[in-house]
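Student: The structure is given below, and queries will be raised subsequently.
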Amino acid sequence: MSPVSSLSARTGRTSVGSDLCADDAAARPRARVVTAKERHRSPLGACLVRCHPEEVTENTAAAELRTLIDERVQAIASRDAQYLADAQDPEILAFNVLPPLRLRGSDQVAEQTRAWFDGYADGPGYEVHDLRIDVDGSVGATAFLYHVTGTLLSGDEVSMWVRATLVWKKIDGRWRIVHDHESIPWDPSTGQGLASLEP
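What follows is the structure, given as structure tokens:
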């Protein structure tokens, strides 16, 4: 079986693997879909009673964003910087965990992404955990933790957790990332980032 993107029932993570069925609703208990009209639907976003048209639209949008996150995981696994760039608005503003302080435009982000890939002898591995999706009309947000692993060209091993939020906007019928914000906690007593923290 070829690798597919799936959401683990045990960990609530999105990763590349072949052991889970991505279509199995039971495999998604911790990926919480949150929209403006949550009261009449299950945790998986299915309307329970009196499903209004706007609720159906929001559920569809949440499912679309979930799919885009799955595709993002696959693109990183295959080092497909072009796919990642195409998912972004050309005027994206990115505050990534890697320097510089900020990036403006998908060209700058793509250049940084290629440099990130090129720095690994093995990897990077990339797993999304605790995915939360919020949708309001043509604007959406996906917030999650991701675990990046691998071996750098220097031989150093990488295993760190990063907090990430992607802000999406539907433009000409297509969801695009307009803002990418990543961070790690820091220790106020030392002023140093805490890259070794785990959930």
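Under this note's numbering, the first residue of the sequence shown is numbered 364, with each subsequent residue one higher.
A virtual CB, placed ideally from N, CA and C, is assigned to each residue, including glycine.
Remember, predicted model here, so these are calculated numbers, not experimental data.
Under three-state DSSP, which class holds D443?
Tutor: Position 80 of the sequence shown, counting from 1, holds the residue named residue 443. Of the three classes helix, strand and coil, the one that applies to D443 here is coil, per DSSP.
Student: With DSSP run on the structure shown, which of helix, strand or coil describes C384?
Tutor: Along the sequence shown, read from residue 1 onward, the residue named residue 384 stands at position 21. Residue placement at C384 is flagged as unreliable, the pLDDT there being 31, under the threshold of 50; a coordinate-derived value is accordingly withheld.
Student: Out of curiosity, what's the CA-to-CA distance linking L461 and H544?
Tutor: Translated into positions along the sequence shown, residue 461 becomes position 98. Translated into positions along the sequence shown, residue 544 becomes position 181. For L461 and H544, the distance between alpha carbons rounds to 11 Å.
Student: Less than 6 Å between C-beta atoms, sequence neighbours within five positions excluded: which residues of the same chain meet that for R477?
Tutor: Counted from its first residue, the sequence shown places residue 477 at position 114. For R477, where only same-chain residues beyond five positions count, the Cβ hits under 6 Å are A444.
Student: Classify S469: buried if its beta carbon has 16 or more other beta carbons within 10 angstroms, exposed otherwise.
Tutor: For this step, residue 469 is matched to residue 106 along the sequence shown. S469 comes out buried.
Student: Are G482 and L516 closer than 8 Å when you measure CB to CB?
Tutor: On the sequence shown, position 119 is the one that residue 482 refers to. On the sequence shown, position 153 is the one that residue 516 refers to. In contact: G482 and L516 (Cβ atoms closer than 8 Å).
Student: From which residue to which residue does the alpha helix (DSSP H) around E490 run?
Tutor: The residue labelled residue 490 in the question sits at position 127 within the sequence shown. Not the alpha helix (DSSP H): E490 falls in the beta strand (DSSP E), residues 483 to 499.
Student: Quick one: grab the DSSP three-state call for A558.
Tutor: Position 195 of the sequence shown, counting from 1, holds the residue named residue 558. If DSSP states are grouped into helix, strand and coil, A558 belongs with coil.
Student: Going straight from the alpha carbon of E454 to that of R539, what length do you get?
Tutor: Against the sequence shown, residue 454 aligns to sequence position 91. Against the sequence shown, residue 539 aligns to sequence position 176. C-alpha separation (whole angstroms): 10 Å.
Student: Residues in its own chain within less than 7 Å of V511 by CB, not counting five upstream and five downstream?
Tutor: Your numbering for residue 511 matches position 148 in the sequence shown. So the qualifying residues of the chain are P487, G488, Y489, V521, M523, V525.
Student: For R435 versus A450, is the C-beta distance shorter than 8 Å?
Tutor: Here residue 435 refers to the residue found at position 72 when the sequence shown is read from its first residue. Here residue 450 refers to the residue found at position 87 when the sequence shown is read from its first residue. In this structure, A450 lies closer than 8 Å to R435 by Cβ.
Student: Apply the 10 Å Cβ neighbour rule to D433 and answer buried if 16 or more other Cβ atoms are within range, or exposed otherwise.
Tutor: For this step, residue 433 is matched to residue 70 along the sequence shown. Per the 10 Å Cβ criterion, buried.
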